[in-house]
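A.B. asks: Let me begin by handing over the structure; questions about it come next.
Residue numbers (the working numbering): -3 to 239.
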């Protein structure tokens, strides 16, 4: 009881520490942390990048497990102001080794496909849904495609193509956000994104190597894309004439 009596008998000034000039509230730093704006999201950062920054970000990307198995990221190649944007699935072994899309056996078939409608490879831009090769050339996992999508979306924004050629099932289904089979996606003009860019679906060159009889269908798809391109050019001319 003596301790209690001693405590109760102490004057307030003897047991409350004086407040000095250098006193700082202990919660100041914590409060600052609570109200500090968060860093921009990965998607927001990518959406503001220029070509050089975007390519560097893709090459250094570790967002998914493919960074552990790739030789290098395959960013894309071609004219940054191209009217035509060709989008495939993902890099294969040759692409992973050389760092350029569509350079393997299937890729070499893409060049004559483009020439058939009067286009050289260097006149278009070529990219893939994924920037990194999936092991054993398996289909991209949905999470991989979603994590890689900001890169492709920014490429599309920078290029501002007048038409997109989706090459193969994976590219078509990812771009159109559908699980519809490629045979039902062919033969008509789709629209992509806020800009409503015309998009035409065709078979992947790798499929043509296995099924050469389907080349006629690809030729039909390419002609459809060329007609869509002509229509877009006509619409632009009419808008300019009316302005």
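Ideal Cβ placement from N, Cα and C applies to all residues, glycine included. As the structure is a prediction and not an experimental result, all values here were calculated from the model.
To the nearest whole angstrom, what separates the beta carbons of residue 125 and residue 178, a pair I think is in contact under 8 Å?
C.D. replies: Not confirmed; about 14 Å, so no contact.
A.B. asks: Is the separation between the beta-carbon of residue 159 and that of residue 193 shorter than 9 Å?
C.D. replies: Yes, these two residues count as a Cβ contact at 9 Å.
A.B. asks: Does residue 216 pass the burial test, meaning 16 or more other C-beta atoms within 10 Å, or should it be called exposed?
C.D. replies: Residue 216 should be labelled exposed.
A.B. asks: Can you tell me where the beta strand (DSSP E) holding residue 195 begins and where it ends?
C.D. replies: Element bounds for residue 195: 193 to 198.
A.B. asks: Are three or more beta carbon pairs between the stretch 91 to 104 and the stretch 58 to 74 nearer than 8 Å?
C.D. replies: Verdict: yes, contact present.
A.B. asks: By alpha-carbon positions, which one of 80, 198, 120, 100 ends up nearest to residue 89?
C.D. replies: Of the listed residues, the one whose Cα sits closest to residue 89 is 100.
A.B. asks: Residue range of the alpha helix (DSSP H) that residue 166 falls in?
C.D. replies: Counting along the chain, the alpha helix (DSSP H) containing residue 166 begins and ends at 165 to 172.
A.B. asks: Kindly indicate the opening and closing residues of the beta strand (DSSP E) around residue 124.
C.D. replies: Element bounds for residue 124: 121 to 124.
A.B. asks: Opposite residue 81 in the DSSP bridges: which residues?
C.D. replies: Paired residues: 121, 160.
A.B. asks: Give the straight-line distance between the Cα atoms of residue 38 and residue 223, rounded to the nearest whole angstrom.
C.D. replies: For residue 38 and residue 223, the distance between alpha carbons rounds to 38 Å.
A.B. asks: In this structure, what does DSSP give as the bridge partners for residue 74?
C.D. replies: Beta-bridge pairing links residue 74 to 121.
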